[in-house]
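Visitor: What follows is a single structure, and I will ask about it in a moment.
Residue numbers (full-length UniProt numbering), protein chains in the order written: chain A, 1 to 529; chain B, 1 to 529.
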């Protein structure tokens, strides 16, 4: 033991990683011919001493994990006991038959089953803080979208003798706008009468989501389908009167799912009016801000919502110059609402951030970056390197960061510079980055205490709850089995800490969240009796 | 820039990870109410200065990677140019259509296709050093196994009217041994005549491998099938005359695949003779050693082979006491051949190492541990913690270590204590830990320069080359796109460095490998012209 302990001793508490670093720079060639002969085992120790050291190491490893240093109140401890009892049962069933363990399967096969899970029921009611990564036209339930198709003056354009919906448009007369492919316009009412309301409902339910495709040939194919939904929804949602209603309804659905705050990304399309006149982008933002204020006024527990301007990345650098100008103008008019900037669209097919460095450096400091980066499994591609640019450009958070764990230096920079990773478990699965949640790279971020928040990206398209399903997979599938209420509480707190809320606003947010949290803790204890 | 650089400066070369460490111990509760307001972006810098820094960071990240510090000779650089040209073409095709990129698919769908890949052809001929993780009855090609079934005096026991093979046995008369389930014995010749030679060949080809099952309901189901093959092969291979031949043929097949050294794990079954008499375990080892010497004598470029005694882990601690005694006795008789100890069988269903600490601590220091650990995706399970026990018990290498990256402390210990991880890419896929090689956790070990070797585990059961397919996936699917000849050379060198070869033996091994390596480099250059 004596040979071993002197090597272990200096780690206590701190420089573990530094010592290892020495080895990281070893020249393979040079040491190839060296033999290390010192004893590295504890075989000369007693079993009792071994067990003490073993316990200490296992404990140290657990202590590093996200949230493990939070101290729970007596009440929280009581609630934790309830939560962990339920969690352990679900894991025990999974260990006996892994094919019945939801986080090992595709969400499209388990959606209904999960709704019945006691752990899901608990998480659904939990005040989860805010959603910091979600796209504005992929927020609402499919049911709400179908409701919208009953609004008056809606037209549908179909191809293949009515079998394929190509576009929607609100209009007093037959629309004359160009569509992505040739199709025939008819009033939605007539289409519904002709095809039968139930048939149309079923058809649209499928078209407004990624179902039933749990297995695309590649992530490119998944993305094509995914972008197709956005395009189909365009004419339905970009109608000025619908735009605000959709957002208001999203806030309502999120609120009911235990979400008190929403930072949404938007490409900010110009909206159209019934006669075809177009509004300006400024109006798009104004409608959002007004709806948010209206919602806040009638929901005193709601913290609020802010906007990240996130136009498409597949453009020439010159266009990004325009983006920056737009961002500055909008921020000037809506300084407390339009607060950040990002670029969206499939990273792998768009351009890397590196192409846009010049215009991006001109963005004023007070407009924060919240870049998508590393939403790929192509290790070492230029897209992969978006992580480096995002960090060096000063991003406040990283969208997805799926590839981050393959970049130990970037991962350490995130921890050092306190950059949170917006982890979107269900999105990563549906868009084919990985299948089994137990292999999701966020497990490593949790283990290494890299700041993360859990988000839902486009819950509408996978027909999940606004945030609860992503929490379910993070808690049951991604985090270690021991992860408990401290982990959940840390995630909720992180979503406020790493939001764009600052100063007084942030303090108010914490207290609004704390109020619901305390109530939930009471409920968990009460309902378990 | 001035605000940023002072923070970056101290990292140069070293304490990156330490600085980050400070944040790792942050109390979530405490800092939740703090706001960090310093500037963290480079927006006040010029694009030119940004690009210099950006390049430096990207370069630093690449430099940490496994093998990146190896300096190539002029000839090696010329060969590297050839290799990277071919590699880039294959990646380019994959980027255009990821569904055509083999490392994104299951090996059972791509096996034939890969054999035609120019990158695979190059790797096949490359002197890859040694295989340090392989099980002794899962080494040879299916073709060789079928050949063995033509040996005289072989009987087969079948169920379901001859449709299901249950057991084999060499015997002069109808065997009387007990089988796993009821079945009828008949001479292999008669069985073949009755069913048709080609039908039997096709049937056995399937039964001797995991094909065609690329999608089991769970990894437990895959393991059941997998263990079933071992059991079926028992009577065919544990016949004393076959035992030595099988091993000799394995050495031949491995040698032809560019493998000069083999450390094989064996449960060391007692062998049977034609009359049913049983030999001792000692004889099993003696046969191995004799065959190895015979092979070495006729293959002067071959380095050799050593044995790791690896009995089943699903036993009572008392049995492990017996294992230790056996290991000590065998090592006494075969001190330079039977050099190590491990426990095998599905980790998740067996017992954790922690249960066996007492007997394991009594193992003499000179018999090394080479434990399987972390071959699971159940994060935080007792099985997961096998990693900690393996390390504290002084394991020289870790078998699989699939879960290692979820344990930053254990991963650092591996780097610090120079414990190599035996990565078996194809095995992990077939046994259902993960599908897409691009998500294999070894990518993170490569990125963080944790020592690894590439092994094949049970190549017979997945019908792959003894090592080339695993190298193919490591090079093309797991490593970063930039990984080149330095990466490959480092893997080959690692397989000697982390082997049980020491001192003079190891120096000889390096020179035998170097001889073939130089020749291969010449060939790569010559053939490209």
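Glycine residues also receive a C-beta, built at the ideal position from the N, C-alpha and C atoms.
How would you call residue 137(B), buried or exposed, if buried means at least 16 neighbouring beta carbons within 10 angstroms?
Guide: buried
Visitor: Taking all protein chains shown into account, do 16 or more other C-beta atoms lie within 10 angstroms of the C-beta of residue 490(A), making it buried, or fewer, making it exposed?
Guide: By the Cβ neighbour-count rule, residue 490(A) is buried, with 16 or more other Cβ atoms within 10 Å of its own.
Visitor: Going by other Cβ atoms of all chains shown within 10 Å of its Cβ, with 16 needed for buried, is residue 28(B) buried or exposed?
Guide: Residue confidence for residue 28(B) is low, a pLDDT of 43 falling below 50, so the modelled location carries little weight; the figure read from the coordinates is stated next. Under this definition residue 28(B) is a buried residue.
Visitor: With residue 159(B) as the anchor, note down where its beta strand (DSSP E) starts and where it stops.
Guide: In the DSSP assignment, residue 159(B) falls within the beta strand (DSSP E) that extends over 154-159.
Visitor: Any C-beta of chain B sitting closer than 8 angstroms to the C-beta of residue 408(A)?
Guide: yes
Visitor: Am I right that residue 353(A) and residue 386(A) are in contact with their C-beta atoms under 8 angstroms? What's the rounded C-beta distance?
Guide: 5 angstroms
Visitor: Residue 147(B) lies in the alpha helix (DSSP H); which residues open and close that run?
Guide: 142-148
Visitor: Among 358(A), 404(A), 307(A), which has the Cα closest to the Cα of residue 336(A)?
Guide: 307(A)
Visitor: Any chance the stretch 483-500 of chain A sits against the stretch 113-131 of chain A, with 3 or more Cβ pairs inside 8 angstroms?
Guide: yes
Visitor: Under the rule that 16 or more other beta-carbon atoms within 10 Å means buried, what is residue 305(B), buried or exposed?
Guide: buried
Visitor: In chain order, what residues of the same chain lie with their CB nearer than 8 angstroms to the CB of residue 405(A), ignoring the 5 residues before and after it?
Guide: 411, 441, 444, 445
Visitor: Please confirm if residue 51(B) has its CB atom under 8 angstroms from at least one CB of chain A.
Guide: yes
Visitor: Starting from residue 185(A), follow the alpha helix (DSSP H) in both directions and report where the run begins and ends.
Guide: In the DSSP annotation of this structure, residue 185(A) is not part of any alpha helix (DSSP H); the continuous beta strand (DSSP E) holding it starts and ends at 184-187.
Visitor: Can you give me the Cβ contacts of residue 191(A) inside the same chain, cut-off strictly under 8 angstroms, excluding the 5 residues immediately before and after it?
Guide: 156, 158, 162, 200
Visitor: Put residue 397(A) into one of helix, strand or coil per three-state DSSP.
Guide: strand
Visitor: For a test of your reading of the model: does the CB of residue 494(B) fall under 7 angstroms from any non-hydrogen atom of the ligand ZN? Yes or no.
Guide: Ligands are entirely absent from the displayed structure, and the ligand ZN is therefore not among its contents.
Visitor: Have a look at residue 140(B) and residue 439(B) and give me their C-alpha separation to the nearest angstrom.
Guide: 29 angstroms
Visitor: Out of curiosity, what's the CA-to-CA distance linking residue 61(A) and residue 347(B)?
Guide: 21 angstroms
Visitor: Could you tell me which chain B residues have their CB closer than 7 angstroms to the CB of residue 482(A), listed as they occur along the chain?
Guide: 380
Visitor: Could you name the residues that DSSP lists as bridge partners for residue 135(A)?
Guide: 265(A)
Visitor: Using 8 angstroms as the threshold, is the C-beta distance between residue 547(A) and residue 301(A) below it?
Guide: Nothing in the structure corresponds to residue 547(A), since chain A is present only between 1 and 529.
Visitor: Just to confirm, is the Cβ distance from residue 216(B) to residue 468(B) under 8 angstroms?
Guide: no
Visitor: Sort 51(A), 310(A), 185(A), 391(A) by Cα distance to residue 355(B) and report the nearest one.
Guide: 51(A)
Visitor: Taking the Cβ atom as the reference point for each residue, do residue 220(A) and residue 103(B) lie within a distance shorter than 8 angstroms?
Guide: No, they are not a contact pair.
Visitor: Which parts of the stretch 154-239 of chain A are runs of the beta strand (DSSP E), unbroken and 3 residues or longer, counting only runs that do not cross its ends?
Guide: Segments of the beta strand (DSSP E) lying fully in the stretch 154-239 of chain A: 154-159, 164-170, 184-187.
Visitor: Which of the residues in the stretch 204-221 of chain A, read from start to end, lie with their CB under 8 angstroms from any CB of chain B?
Guide: 217, 218, 219, 220, 221
Visitor: At a Cβ cut of 7 angstroms, what residues of the stretch 435-461 of chain B count as close to chain A, listed as they run along the chain?
Guide: So the list reads 435, 436, 438, 439, 443, 444, 447, 448, 449, given in the order they occur along the chain.
Visitor: What are the start and end residues of each continuous alpha helix (DSSP H) run of 4 or more residues lying completely inside the stretch 357-445 of chain B, in chain order?
Guide: 357-361, 386-392, 408-417, 425-430
Visitor: Below 9 angstroms on C-beta distance, what does residue 533(A) contact in chain B?
Guide: An answer regarding residue 533(A) cannot be provided, because it is not within the stretch 1 to 529 covered by chain A.
Visitor: Using the C-alpha atoms, what's the distance from residue 415(A) back to residue 454(A)?
Guide: 17 angstroms
Visitor: Across which residues does DSSP place residue 457(B) in a beta bridge pair?
Guide: 134(B)
Visitor: Can you name the residues of chain A whose CB is closer than 7 angstroms to the CB of residue 377(B)?
Guide: 436, 438, 439
Visitor: If we ignore side chains and look at the alpha-carbon of each, how far apart do residue 521(B) and residue 83(B) end up?
Guide: 10 angstroms
Visitor: Would you mind stating whether residue 232(B) and residue 165(B) have Cβ atoms separated by less than 8 angstroms?
Guide: yes
Visitor: Establish whether the CB of residue 57(A) and some CB of chain B are separated by less than 8 angstroms.
Guide: Any Cβ of chain B closer than 8 angstroms to the Cβ of residue 57(A) would place that residue at the interface, and such an atom is present.
Visitor: Just the C-alpha distance for residue 123(A) and residue 68(A), rounded to the nearest angstrom, thanks.
Guide: 19 angstroms
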